[in-house]
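Numbering (our numbering), first residue to last: 865 to 1677. Input: a single structure, listed below in structure tokens.
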């Protein structure tokens, strides 16, 4: 009995498959359109899911990722300060020493807050980025791939370095074992290669090419700096004990702060823990190691993926119901011969699943050929090998079944509900509910397509706005040069030498890159309680800064080389600072007192507000300060040189020659400031590109469905068209007849899409302190584009129908 049932089931499956394949072959145009539409939709959905999966798996490759937390330091007084991803030097070892039952390991990373350092091997010099100092237990906390070397010893002493395989080949050549080789750091500190790193997974919130042992810092910086509880340049990670919870450790922080931090700052400090796996998508703190992505981007991509898959499924349902009349007699005959409704539903859903799996094979092909391009525009390194893993194939099978069922559900119930008597008498007519359902699906398709197009334009417009907005300072034709120790004492001579070229307009120094990074420094302003400090965003500069960046002075004066006390007694503030401190007008703020570690200073000038960070953040109170002596050497991290746009290559060669003559041990390395600023908006640029491409594909899928529907509509109205032509209707009138119904649906989709797109983009733009306006013409242009594309799609089919010979259409009447 059981064997008979199994055989019956297998026979039914074989029968369903045979019928499905026969129907697909009989209607090739319908099959091609449906398979292609579903394939493109599924391919887009899978690519987006691969992107989302990649984003959500950041830092999860570490076996102890659930116990690793980054320590955050928040300094705040009167709404000013910073929420920093980094901490002072002594915090990590002191926490580990005081709370051994809660903390298993504490690891610090440090890079002098400078992007590039010089690495020298013999006569070869390299300006290398992604070089960090790290504690010796780093490999006990993180699963970084160490190919050679003992993980407990590679960073255990001074003057040791672990380098990547890529750096090993770059420095010493192919086939040479770098272990034990000597690399000179900054041309003065010999480092012994103690370990070799494999390639780090791309799903890491920061990348590095080399790690230098932390004890190497002591002779470089002195013991006092490494015991400083105010300066916070270390990214600090804690591995909690297996039975410890974050809340337990966070409860100890107030007492810890009170015990160790200086009195003038302890009331402003708070600490909290940030899960390692949250950093990439949820963290946007001050001084992030690298720019992170955002959850908003993930939600947008998820929405797009679901939308595109929904459009593809709608296509299938629409085409299946539109073709119902052609299969009505088949359904009637099956019912007469004893088939019940359940069998018919299974048959049609089975056909839908077969179509879905055909689409999956095509989708896999589309993914394999488009993945390199997708990786290029998304910045990912998703491997094609992932497409063949059992887990992925299982997920793909699930997608095929779900899409097949969703796509075939309505057609199956609709077709199986036909009454055999009416069908076989030829009295079956498309019901109003069926027509209304199909029209509703078309409206949904084009509403989604319009939302995607409008969103794409607004995202691009916001990106263009941020790139082109008036930042309040000149950013074009300015190169940024990281300084080196031997250059700092010769800064003035270097400036004089490069200014000998008339194409070099100005040069200044700065401790951070203008418009990209800043730091906060302690100030006590006039009227503030003595002995307390407030931390304001600042740049440490020299007398040429305002002129180099064309900052506008609204009151007072610029720093001057003619006034010898400016480096210890003068500061310049912005308009927001005047407003924040309640000092009235910029003119009234002149002469106000500031007490700083660099001297007792007075406001000599007020500058017009400018964007010292990206346009994602509001302008805050800001200070320009200059200093002298050892402090000046410490804060001189970057040179900004403004050059003329003419003969840039020769100008750069001139600056490079001066550099080489004064710093022969360090390569001349520079970047353009506008490129550095553009990099701040990398996430928005990538989002705009991806949304744009997927929006075009959504329109393509929707128009495929519209093409097929127009084709079937024309076919169903062949006799009507023939009669109209006999009675004298022109080609234009016939085309208008067929196109008008569809254009009404597309226009109705506009009315639905406009408010939804406006609301969604308005919500997205609130994430930016400064953003573009949502203009009415964007909606109109998007609607016009969709209407024209849709009209062209329908008219091509209407034109073909209009060419039909009326004799052929009416010969059976």
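Cβ coordinates follow ideal geometry from the N, Cα and C atoms, glycine included. As the structure is a prediction and not an experimental result, all values here were calculated from the model.
{"Query": "Residue from 931, 945, 901, 1540 whose Cα sits closest to the Cα of residue 1735", "Result": "In the structure as shown, the chain begins at 865 and stops at 1677. Residue 1735 is therefore absent and cannot be evaluated."}
{"Query": "Limits of the beta strand (DSSP E) - the one that residue 1037 falls within", "Result": "First-last for residue 1037: undefined, no H or E at that position."}
{"Query": "Meets three-Cβ-pair contact criterion under 8 angstroms: the region 961–971 and the region 994–1011", "Result": "yes"}
{"Query": "Span separating the alpha-carbon of residue 1381 from that of residue 979", "Result": "11 angstroms"}
{"Query": "At least 3 beta-carbon pairs within less than 8 angstroms: the region 1105–1121 vs the region 911–923", "Result": "no"}
{"Query": "Secondary structure of residue 1331, DSSP reduced to three states", "Result": "helix"}
{"Query": "Rounded straight-line distance, which links the Cα of residue 1039 to that of residue 938", "Result": "48 angstroms"}
{"Query": "Nonlocal neighbours in the same chain, by C-beta distance under 7 angstroms from residue 1603, ignoring five residues either side", "Result": "1655, 1658, 1659, 1662"}
{"Query": "Residue 1156 vs residue 1069 beta-carbon contact at 8 angstroms", "Result": "yes"}
{"Query": "Those residues which DSSP pairs with residue 1135 across a bridge", "Result": "937"}
{"Query": "Cβ pair residue 1613, residue 1311 closer than 8 angstroms", "Result": "yes"}
{"Query": "From 932, 1450, 1392, residue whose alpha carbon lies closest to that of residue 941", "Result": "1392"}
{"Query": "Burial state of residue 948, where buried means 16 or more other Cβ atoms lie within 10 Å", "Result": "buried"}
{"Query": "N- and C-terminal bounds of the alpha helix (DSSP H) containing residue 1539", "Result": "1537–1542"}
{"Query": "Limits of the unbroken beta strand (DSSP E) element including residue 1489", "Result": "1487–1490"}
{"Query": "Where residue 1243 falls, given that 16 or more other Cβ within 10 Å makes a residue buried", "Result": "exposed"}
{"Query": "Per DSSP, the bridge partner or partners of residue 1156", "Result": "According to DSSP, which records beta bridges pairwise, residue 1156 is partnered with nothing at all."}
{"Query": "CA-to-CA distance, residue 1609 to residue 1306, given in whole angstroms", "Result": "7 angstroms"}
{"Query": "Entirely enclosed alpha helix (DSSP H) segments - the region 1473–1519, minimum 4 residues", "Result": "1493–1499"}
{"Query": "Beta-ladder partner(s) of residue 970, from DSSP", "Result": "1102"}
{"Query": "Classification of residue 1325 by the beta-carbon crowding that lies within 10 angstroms, buried from 16 upward", "Result": "buried"}
{"Query": "Residue of 1042, 1597, 1348 minimising C-alpha distance to residue 1052", "Result": "1348"}
{"Query": "Spatial distance of residue 1009 from residue 1629 (CA atoms)", "Result": "40 angstroms"}
{"Query": "Opposing strand residues paired with residue 1374 [DSSP bridges]", "Result": "1405, 1502"}
{"Query": "Sheet register partners of residue 982 (DSSP bridge)", "Result": "991"}
{"Query": "Bridge-paired residues (DSSP) for residue 1055", "Result": "1047"}
{"Query": "Whole-Å CB distance - residue 1649 paired with residue 1316, under 8 angstroms assumed", "Result": "Not really, about 12 angstroms apart at Cβ, beyond 8 angstroms."}
{"Query": "Cβ pair residue 1412, residue 1365 closer than 8 angstroms", "Result": "no"}
{"Query": "With 16 other Cβ atoms within 10 Å as the buried cut-off, status of residue 863", "Result": "Nothing can be reported for residue 863: it is not among the residues displayed for the chain, which extend from 865 to 1677."}
{"Query": "Run of the beta strand (DSSP E) containing residue 1467, from where it starts to where it stops", "Result": "1463–1471"}
{"Query": "Endpoints, the beta strand (DSSP E) within which residue 1385 is located", "Result": "1383–1389"}
{"Query": "Straight-line Cα distance separating residue 1638 from residue 1454", "Result": "40 angstroms"}
{"Query": "Beta carbon of residue 1073 nearer than 8 angstroms to that of residue 992", "Result": "yes"}
{"Query": "Local conformation of residue 1531 per DSSP, three classes", "Result": "coil"}
{"Query": "Proximity below 8 angstroms, CB of residue 1387 to CB of residue 1404", "Result": "no"}
{"Query": "Spatial distance of residue 1486 from residue 1367 (CA atoms)", "Result": "31 angstroms"}
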